[in-house]
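For the sequence shown, the positions run 3 to 264 when this note's numbering is used.
We treat Cβ as the ideally placed atom computed from N, Cα and C, and that holds for glycine.
Bear in mind that the values here come from a model prediction, so they are computed numbers and not experimental data.
Everything below concerns the one structure shown next.
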Amino acid sequence: MIIDAHAHVWPDEIARKVLADRPVGLDPVHDGTLDGLRATMDAAGIDLAVCLAVANVARHVAGTNRFIGGIDRTRFIPFGTVHPDLTVEENLASLKDNGIPGVKLHPLFQELSLGDSRVVELLSALAEEGIAVITHVGAGGDEAANERGASRHIPALAERIPGLTLIACHFGGYHRLEEAEEVVAGSGAVLETSWPPSLGSLPPERVRKIIERHGADRVVFGSDWPMTDPATEIAAVRALGLPPEDEAAILGGNLAGLLGLQ
3 MIIDAHAHVW
13 PDEIARKVLA
23 DRPVGLDPVH
33 DGTLDGLRAT
43 MDAAGIDLAV
53 CLAVANVARH
63 VAGTNRFIGG
73 IDRTRFIPFG
83 TVHPDLTVEE
93 NLASLKDNGI
103 PGVKLHPLFQ
113 ELSLGDSRVV
123 ELLSALAEEG
133 IAVITHVGAG
143 GDEAANERGA
153 SRHIPALAER
163 IPGLTLIACH
173 FGGYHRLEEA
183 EEVVAGSGAV
193 LETSWPPSLG
203 SLPPERVRKI
213 IERHGADRVV
223 FGSDWPMTDP
233 ATEIAAVRAL
243 GLPPEDEAAI
253 LGGNLAGLLG
263 LQ
C-alpha cells in the first residue's frame, strides 16, 4: 500500500486562484482539485492520500472543515484546520462535527507560531482526542514567518505533549536541513519526506543518514501535491537504496499504523 501523507486540495474554483499566486514561490505541477488528485494517484499507483485543508484566518475554519470533511473517504483521508484565534472548544467542535481525524498547521500562512502557548494548549487538546497533527516546518516565507515554523519547536512540542501524533513536514526543516538534522532527527516527531520541487534534489546519502538516525519506522512518505508529481517523489524514495522493508514502511505502512488503517 502507498499512502501520500501530504496533498493540498481546494474546491475547484478556489484551487485556480490559490495556485495562480504561486504559493511559496513555486509553480504547481497539478491543479489542486480532488479530481486532479484522484487522477494523479491512479497514475502513480497511490492507494490513499491525506488531503490537507488550511484556513489562514479563524473565520474560514468552519467552511474549510465542511469542505474537507465531505470528501470521498474511499481514497482520501481528510485533515482539517484549526486556528489559535478560536477557542479550543470551537476548534474541536468543528473537527468533530465533520468527522475529521487530523489537522494541518501552516505557520507561514496562518501566522501562528509553533511555540505560541495557545498552539501548545490546542495541540494538547488534540492529543487527548487522538487527533493527529501534520505541520509545515522550516522556511518558505520571510524571516518572521520562518521563525514561526522553526525546526527547534518540533522536539519541544514532542517532549511537552508525548501523546501527540506530530508529523513534521520536509524532514523537519524545509530549506533548513542542517538545523533539522541537528534538532529534529531523533526526536519524538514523525518525519515526512516532501521537498519541493523534488526529494530528488537532495543528496541521497544525506537523506539516508537522516532516516537511519531517526528510524525508518518513524518516517512517512509525502509529496506536497500539487507542487510536485507524486510518481517522481515515489521514485526518489525508491532511489535511496533503503532495505525493502524500510522502503515499504515509509511509502505507506508507517502511516497506516499511525492512523489506524491496518
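### Query
Which residues share a DSSP beta bridge with H10?
Here residue 10 refers to the residue found at position 8 when the sequence shown is read from its first residue. H10 is bridged to L54.
### Message
Quick check: F173 and I212, are their CB atoms within less than 8 Å of each other?
### Response
The sequence position of residue 173 within the sequence shown is 171, counting from 1. The sequence position of residue 212 within the sequence shown is 210, counting from 1. Yes, they are a contact pair.
### Message
Using DSSP's beta-bridge definition, name the partner residues of I79.
### Response
Taking the sequence shown and counting its residues from 1, one reaches residue 79 at position 77. Answer by DSSP bridge pairing, in chain order: V52.
#### Entry: Cβ contact check for the stretch 107-115 and the stretch 64-79: 3 or more pairs under 8 Å
No, because fewer than three Cβ pairs between the stretch 107-115 and the stretch 64-79 fall closer than 8 Å, the two stretches do not touch.
### Message
Determine whether the beta carbon atoms of T167 and S196 lie at a separation below 8 Å.
### Response
Mapped onto the sequence shown, residue 167 falls at position 165. Mapped onto the sequence shown, residue 196 falls at position 194. When the beta-carbon positions are compared, T167 and S196 stay at least 8 Å from each other.
#### Entry: C-alpha gap between V185 and A134, whole angstroms
Translated into the one-based positions of the sequence shown, residue 185 becomes position 183. Translated into the one-based positions of the sequence shown, residue 134 becomes position 132. Cα to Cα, the separation comes out at about 21 Å.
### Query
Bridge partners of K98, per DSSP?
Against the sequence shown, residue 98 aligns to sequence position 96. K98 is not bridged to any residue.
#### Entry: Supposed contact pair V26 and G142 - C-beta distance, whole angstroms, cut 8 Å
Numbered from its first residue, the sequence shown carries residue 142 at position 140. Numbered from its first residue, the sequence shown carries residue 26 at position 24. About 4 Å; that satisfies the 8 Å criterion.
### Message
Please list the terminal residues of the continuous beta strand (DSSP E) segment that includes G259.
### Response
The sequence position of residue 259 within the sequence shown is 257, counting from 1. Per DSSP, G259 is not a residue of any beta strand (DSSP E); the alpha helix (DSSP H) it occupies stretches across 256-260.
### Query
Using CA coordinates, which residue listed in S96, L39, V31, V192 is at the minimum distance from R61?
Counted from its first residue, the sequence shown places residue 61 at position 59. For R61, the nearest C-alpha among the options comes from S96.
### Message
Would you call the stretch 117-131 in contact with the stretch 148-164, where contact means no fewer than 3 C-beta pairs closer than 8 Å?
### Response
These segments touch.
### Task
Just mark E194 as buried or exposed, buried being the case when its beta carbon has 16 or more other beta carbons within 10 Å.
Walking along the sequence shown from the start, residue 194 turns up at place 192. With 16 or more other Cβ atoms from the protein chains shown falling within 10 Å of its own Cβ, E194 counts as buried.
### Task
Give the C-beta separation of I73 and L116 to the nearest angstrom, bearing in mind that I take them to be a contact with Cβ-Cβ under 8 Å.
Taking the first residue of the sequence shown as position 1, residue 73 is located at position 71. Taking the first residue of the sequence shown as position 1, residue 116 is located at position 114. Between I73 and L116, the beta carbon gap of about 27 Å keeps them out of contact (Cβ cut-off 8 Å).
### Task
Look at the alpha carbon of L94 and the alpha carbon of D23, and state the distance between them as a whole number of angstroms.
As a first step, residue 94 is located in the sequence shown; it is residue number 92 there, counting from the start. As a first step, residue 23 is located in the sequence shown; it is residue number 21 there, counting from the start. Those two C-alpha atoms are separated by around 31 Å.
### Message
For A170, list the residues DSSP reports as bridge partners.
### Response
By one-based count along the sequence shown, residue 170 stands at place 168. A170 is bridged to T137, L193.
### Task
May I have the straight-line CA-CA distance separating V139 from F111, to the nearest angstrom?
Locating residue 139 in the sequence shown gives position 137, counting from the first residue. Locating residue 111 in the sequence shown gives position 109, counting from the first residue. Computed Cα separation, rounded: 12 Å.
#### Entry: Extent of the continuous beta strand (DSSP E) to which V105 belongs
For the purposes of this step, residue 105 is taken as the residue at position 103 of the sequence shown. Start and end: 104-107.
### Query
Based on Cα-Cα distance, which residue from E145, L50, A55, E183 lies nearest to R75?
Here residue 75 refers to the residue found at position 73 when the sequence shown is read from its first residue. Nearest of E145, L50, A55, E183 to R75, Cα basis: L50.
### Query
So, helix, strand or coil for V31, using DSSP?
Along the sequence shown, read from residue 1 onward, the residue named residue 31 stands at position 29. DSSP places V31 outside both helix and strand once states are collapsed to three, so it counts as coil.
### Task
Please list, in chain order, all residues of the same chain as A9 whose beta carbon is under 6 Å from its beta carbon, the five residues on each side excluded.
By one-based count along the sequence shown, residue 9 stands at place 7. Cβ neighbours of A9 beyond the five flanking positions: L39, A51, C53, W227.
### Task
Along the alpha helix (DSSP H) that carries T42, what are the first and last residues, could you check?
By one-based count along the sequence shown, residue 42 stands at place 40. Boundaries of the alpha helix (DSSP H) around T42: 36-46.
### Message
Buried or exposed, going by whether 16 or more other CB atoms sit within 10 Å of the CB of G175?
### Response
To locate residue 175, count along the sequence shown from 1; it is residue 173. G175 should be labelled buried.
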